[in-house]
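Undergrad: Heads up, the sequence shown is in my numbering, so the first residue is 8 and it goes up one at a time.
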Amino acid sequence: MKTNSFRLVLLGAPGAGKGTQAERLAEKFSVPQISTGVILRAAIEAGTPLGLKVKELIENGKLVSDEDVVAIVGQRIAEKDCENGFILDGFPRTIPQAEALENLLEERGLTLDAVLSIEVNDSDIVSRMSGRRVCKKCGASYHVVYKRPRNGNLCDNCSSELTIREDDKVEVVMGRLEAYHKQTAPLKEYYAAKGLLVAVEGKEELSETSAAVDEALENL
Ligand SMILES: [Zn+2]
Numbered sequence: 008m009k010t011n012s013f014r015l016v017l018l019g020a021p022g023a024g025k026g027t028q029a030e031r032l033a034e035k036f037s038v039p040q041i042s043t044g045v046i047l048r049a050a051i052e053a054g055t056p057l058g059l060k061v062k063e064l065i066e067n068g069k070l071v072s073d074e075d076v077v078a079i080v081g082q083r084i085a086e087k088d089c090e091n092g093f094i095l096d097g098f099p100r101t102i103p104q105a106e107a108l109e110n111l112l113e114e115r116g117l118t119l120d121a122v123l124s125i126e127v128n129d130s131d132i133v134s135r136m137s138g139r140r141v142c143k144k145c146g147a148s149y150h151v152v153y154k155r156p157r158n159g160n161l162c163d164n165c166s167s168e169l170t171i172r173e174d175d176k177v178e179v180v181m182g183r184l185e186a187y188h189k190q191t192a193p194l195k196e197y198y199a200a201k202g203l204l205v206a207v208e209g210k211e212e213l214s215e216t217s218a219a220v221d222e223a224l225e226n227l
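Right under this line is the structure:
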């Protein structure tokens, strides 16, 4: 692997631990973690022209177009802190976005180093996520297997009843996984054909996943 720069795209199903690895790798390689979701939310909050446009789209139940997302990423990776690379998290999501990213980089004489996919069985993701419990009162989080509350279904801190977040319900998780696979399968094929795809098995233990990711990247 080239040591002077690091340009990575991260793929991973919701609940696979992608965000955690993105954060960790960004720190390890001293490059920014670029999440289009974060950029869009910040633009909306700041009320920039882009933010206003995106806000209107979302309020009308529409998706942000490939063109707009690509423009956002193009601006972001031209910034000074991306000189030595970046970790893209949540982009590209479609083949046209992947092609546009390639063009953006090519214009600068750059290429991606790798596309890292963190793979976890759907059934494991479902059992991890559906076991989560949260306290609505104080925000504490638990898991029925990995972090059990001391007293039945009550919060250790404030004894309030614990609840399952809407996003963690089995049917919601399964729906998101299905959508993820449908969307990502062509992308993985696209990057595999370019010899860029690296797949790593996401383990239950964070340290094991991190070790596997580091080893895969060292072997590039
Ligand atoms: Zn509580």
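Every residue, glycine too, gets a C-beta built ideally from N, C-alpha and C.
Please read all numbers here as calculations on a predicted model, not as lab measurements.
Note down, in chain order, each residue of its chain lying with its Cβ closer than 8 Å to the Cβ of L169, except the 5 sequence neighbours on either side.
TA: Contacts found: R140, V141, C142, Y149, P156, N160, L161 and C162.
Undergrad: How would you label S72, buried or exposed, when you count the other beta carbons within 10 angstroms and need 16 or more for buried?
TA: S72 is exposed by the Cβ-count criterion.
Undergrad: When you measure from the CB of S12 to every non-hydrogen atom of ligand 1, does any distance come out below 7 Å?
TA: No; taking the cut-off as 7 Å, the Cβ of S12 has no heavy atom of ligand 1 nearer than that.
Undergrad: Enumerate in chain order the residues of its own chain whose CB-to-CB distance from P99 is below 6 Å, with the five nearest sequence positions on each side excluded.
TA: Hits under 6 Å: A105 and L108.
Undergrad: Can E208 and E126 be called in contact, C-beta distance under 8 Å?
TA: Yes, these two residues count as a Cβ contact at 8 Å.
Undergrad: Just to confirm, is the Cβ distance from C89 to P39 under 8 Å?
TA: Going by C-beta atoms, C89 is nearer than 8 Å to P39.
Undergrad: How big is the Cα-Cα spacing for L184 and G19?
TA: Roughly 10 Å between the two C-alpha positions.
Undergrad: Would the C-beta of S167 count as close to ligand 1, meaning under 7 Å from any of its heavy atoms?
TA: Indeed, a heavy atom of ligand 1 lies less than 7 Å from the Cβ.
Undergrad: I need the DSSP call for Y153, collapsed to helix, strand or coil.
TA: Three-state result, Y153: coil.
Undergrad: Look at D120 and R14 and say whether their C-beta atoms are less than 8 Å apart.
TA: A contact, by the Cβ cut-off of 8 Å.
Undergrad: Go to V179, then tell me how far its alpha helix (DSSP H) extends in each direction, as first and last residue.
TA: Note, V179: alpha helix (DSSP H), V177 to A200.
Undergrad: Relative to the C-alpha of K176, which residue among K195, A147, G138 and S167 is closest?
TA: Comparing Cα positions, the closest option is G138.
Undergrad: Taking Cβ to Cβ, would you say R83 is nearer than 8 Å to I51?
TA: No, they are not a contact pair.
Undergrad: Contact check, V133 vs V180 under 8 Å by CB: the rounded distance?
TA: Confirmed, Cβ separation roughly 5 Å.
Undergrad: Is the beta carbon of G81 less than 8 Å from the beta carbon of L57?
TA: Against a cut-off of 8 Å, the Cβ pair of L57 and G81 comes out as no contact.
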